[in-house]
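To start, the structure itself, in structure tokens.
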Amino acid sequence: MPSIENPKAAPKLPYTANFQNAIERILSYNWRTGMWAWILHRASGIGMVIYLTIHVFGLRALYDPVQFDALMSTYRSPLFKIGEFALLAIVTYHSINGFRIVMVDFLGWSPKQKKMFYATLALSALIILLGGYPILAPYFITPFIK
Amino acid sequence: MSDRSAKKSGAFGWFMQRISGIVLLATLIGHFWVQHMPTDYLANETEYLEIREAYAAKNPEYKKAVEQGLISDPKFGEHIITYEKVTKRLSNPLWKVFDMLFLIFGLYHGFNGMLNIIDDYAKNKGVKLTLVAVCWVLAITLFVIGTQTVLTAGPYNPPNFSLTELLP
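So the protein lines, in turn, are chains R and Z.
Just so you know, we're using my numbering here: the first sequence kicks off at 32 and counts up by one.
Just so you know, we're using my numbering here: the second sequence kicks off at 1485 and counts up by one.
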């Protein structure tokens, strides 16, 4: 048993740490719902920190109307609109799954956590569709209906 | 067990990650509503064309950018973020407070999460120290830049801190 007082007394890893073993290890994981919830949460979190960094630096353009409106025009291209939609998807999943984590931690909803993960996915999908429509419609839907 | 204070165990970071997450959930909904949804905080097609015309009339650089196609035409049914609308919203101090809260809690939550991830994977002491330092420098830089953007947004022209201006 690894001791809490002395973490160094924990047993050595049963395998050598290298790339191939790491991959085999990951593939041997039991990929159940909780694992997916965790890895998606982590990946979306890293993605948002990268986005936040670019976003805050980009907003320096708010100095100047010409620069700012030109930057916004760049963002109004089909490629960036897909990016905006992807951002919505990432943010929505991370916030609703984060809310699930808070409920599990603070209100002791752990027995329901698996069901709550499916509810998280359903609610995320609904919000992504509803919120994504006004973002994508002027570029990908309305021009083809008219 | 006596030396396992809350700070050492990481309980404070764990707790604050949840608290900041709840604050972010509230501010995120507001931010998304005003910046991405078709509300009055964005310009619709007609407003956009009016704003563009008014700015082009009083600012020759703006006119040039419109003529070059850098400030492009609106699409049917599109709602657009413009300088005019954003600075108008930020002329309300309450929106400045809102954006500052979003910035501070967003940076705290994001970089606290990054520190947790580094703690999980970086076993080498030197690598870990480097990554943690990068996180801190980046977070503080973003805080300074973001604060300046939010507080000075609007008709006020902030001082230029670029080296080329300061050096003779």
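For each residue, glycine too, the CB sits at the ideal point set by N, CA and C.
Nothing here was measured: the structure is a model prediction, and the numbers come from that model.
As for any alpha helix (DSSP H) of minimum length 4 sitting wholly inside the stretch 1507-1557 of chain Z, the runs are 1529-1542, 1544-1551, ordered along the chain.
DSSP, reduced to helix, strand and coil, places residue 132(R) within a helical segment of the structure shown.
7 Å or more divides the Cβ of residue 142(R) from the Cβ of residue 1562(Z). DSSP, read as helix, strand or coil, puts residue 1565(Z) in coil. With respect to chain R, the C-beta atom of residue 1586(Z) has no partner C-beta closer than 7 Å. Along the length of the stretch 92-158 of chain R, whole beta strand (DSSP E) runs at least 3 residues long do not occur.
Closer than 7 Å to the CB of residue 1565(Z) there is at least one CB belonging to chain R. Taking residue 1519(Z) as reference, the option from 165(R), 62(R), 71(R), 173(R) with the minimal CA-CA separation is 165(R). Residue burial is scored here from C-beta neighbours: residue 47(R) has fewer than 16 other C-beta atoms within 10 angstroms and is therefore classed as exposed. Here residue 86(R) has no same chain residue with a Cβ atom under 7 Å from its own Cβ, once five neighbours each way along the sequence are excluded.
Look at residue 1509(Z): its C-beta is under 7 Å from a C-beta on chain R. The C-beta of residue 1577(Z) comes no closer than 7 Å to any C-beta of chain R. Residue 1636(Z) sits in a helix when the DSSP states are folded into three classes. With a 10 Å radius around the Cβ and a threshold of 16 neighbouring Cβ atoms, residue 1508(Z) comes out buried. Each of 1598(Z), 1506(Z), 1574(Z) was checked against the Cα of residue 1623(Z), and the nearest Cα belongs to 1598(Z). Selection 100(R), 69(R), 84(R) evaluated against residue 1537(Z) yields 100(R) as nearest (Cα-Cα). The C-alpha of residue 1577(Z) lies about 33 Å from the C-alpha of residue 113(R). Judged by their CB atoms, residue 1527(Z) and residue 1564(Z) are nearer to each other than the 7 Å cut-off. DSSP places residue 47(R) outside both helix and strand once states are collapsed to three, so it counts as coil. Taking all protein chains in view, the Cβ of residue 1594(Z) is crowded by 16 or more other Cβ atoms within 10 Å, so the residue is classified as buried.
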